[in-house]
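A.B. asks: Residue numbers (UniProt numbering): 1 to 75. Backbone N, C-alpha and C fix where the C-beta goes; we use that ideal spot for every residue, glycine too.
#1: For residue 49, which residues in the same chain have their Cβ closer than 7 Å to its Cβ, ignoring the five residues on either side in sequence?
#2: Whole angstroms are fine: how far does the CA of residue 46 sit from the CA of residue 61?
#3: Where does the unbroken alpha helix (DSSP H) through residue 66 begin, and where does it stop?
#4: Using the Cα positions of residue 17 and residue 11, report the straight-line distance between them to the nearest angstrom.
#5: Relative to the alpha-carbon of residue 66, which residue among 25, 27 and 19 has its alpha-carbon at the smallest distance?
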């Protein structure tokens with residue numbers, strides 16, 4: 001079961017093997033702010049930065065079964 005203490009690898013594995021929405025939510029909560037700030041620094045536009053960050057998470061969910069579960073997510 002996904003929780004905030006699970007490692008990124010565990011969460012990605014749960015997303016891939018069990019379609020675990022809670023695992024995705026933990027990843028989202030863990031990385032949203034940092035990813036948004038990086039996008040904002042690059043794009044210099046809050047709306048575009050939000051769109052870019054959302055696209056990352058949309059694609060993470062969309063391709064969860066093709067992702068490498070051992071991937072370490074870092075921003």
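C.D. replies: For this structure:
#1: Taking the first residue of the chain shown as position 1, residue 49 is located at position 49. So the list reads 36, 39, 40 and 43, once near-sequence residues are dropped.
#2: On the chain shown, residue 61 is found 61 positions in, with the first residue counted as 1. On the chain shown, residue 46 is found 46 positions in, with the first residue counted as 1. Approximately 23 Å, taken between the alpha carbons.
#3: Here residue 66 is taken as the residue at index 66 of the chain shown, counted from 1. Looking at the DSSP string, residue 66 is not in any alpha helix (DSSP H), and its letter there is neither H nor E.
#4: The residue labelled residue 17 in the question sits at position 17 within the chain shown. The residue labelled residue 11 in the question sits at position 11 within the chain shown. Roughly 10 Å between the two C-alpha positions.
#5: Start at 1 with the first residue of the chain shown, and residue 66 comes out as number 66. Closest option to residue 66, Cα to Cα, is 19.
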